[in-house]
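Engineer: Residue numbers (our numbering): 36 to 183.
1. Rounded to the nearest angstrom, how far is the Cβ of residue 147 from that of residue 61, given a contact under 8 Å?
2. Keeping to the same chain, check which residues put their C-beta closer than 8 Å to that of residue 174; ignore five residues upstream and five downstream.
3. Determine which residues share a DSSP beta bridge with residue 104 and list them.
4. What is the rounded straight-line gap between the Cα of residue 139 and the Cα of residue 124?
5. From the DSSP output, which residues share a beta bridge with residue 146?
6. Using beta-carbon positions only, say whether residue 109 and residue 75 come within less than 8 Å of one another.
7. For residue 163, count the other beta carbons within 10 Å of its own beta carbon; 16 or more makes it buried, fewer makes it exposed. Which is it?
8. For residue 141, which option in 49, 41 and 42 has the closest C-alpha, if you only look at C-alpha atoms?
9. Report the CB separation of residue 94 from residue 88 in whole angstroms; it is logged as a contact under 8 Å.
10. Can you tell me whether DSSP reads residue 109 as helix, strand or coil?
11. Whole angstroms are fine: how far does the CA of residue 131 sit from the CA of residue 114?
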């Protein structure tokens, strides 16, 4: 039985929650701050809403992955949940944004999924790989938003 992968990574971004959520919560920007995502194409018209669907192309652990995310929950400026059911690594990705007293934002990025197919073979390494990637991606997002 494959083990679930459940990784929560957080960072503090010195920008207001509305700005961080607007940027990070718009899938169009994903290739700008996710190292492994090369493209995002909308299947439904933007802006993001519950039911929005986007096709992502990414590379992870040396493999090309193409998958469709659907937004299943959206609380603007607070939380967004996207899920994909197909592919070798069905995944749920959750973004959370919490305002801080100093005007900054604590952003959480959680990936939860159950590896299948090839991914099941590398399941013992997936959690660590996802954690490393998430830390690097959140650091890139922080640098992008704090530079502006």
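From the three backbone atoms N, C-alpha and C, an ideal C-beta is built for every residue, glycine too. Remember, it's a predicted structure, so these values are computed and weren't measured experimentally.
Structural biologist: So, to answer that:
1. That belief does not hold up - the Cβ atoms of residue 147 and residue 61 are roughly 22 Å apart, past 8 Å.
2. So the qualifying residues of the chain are 46.
3. Answer by DSSP bridge pairing, in chain order: 89.
4. One C-alpha to the other measures close to 33 Å.
5. According to DSSP, which records beta bridges pairwise, residue 146 is partnered with 42 and 128.
6. No, Cβ-Cβ distance for residue 109 and residue 75 is not below 8 Å.
7. Around the beta carbon of residue 163, fewer than 16 other beta carbons lie within 10 angstroms, which makes this residue exposed.
8. Put simply, of 49, 41 and 42 the residue whose alpha carbon is nearest the alpha carbon of residue 141 is 49.
9. Not quite, the Cβ-Cβ distance comes to about 21 Å (not below 8 Å), so this is no contact.
10. Strand, per DSSP.
11. One alpha carbon belongs to residue 114, the other to residue 131, and they sit about 4 Å apart.
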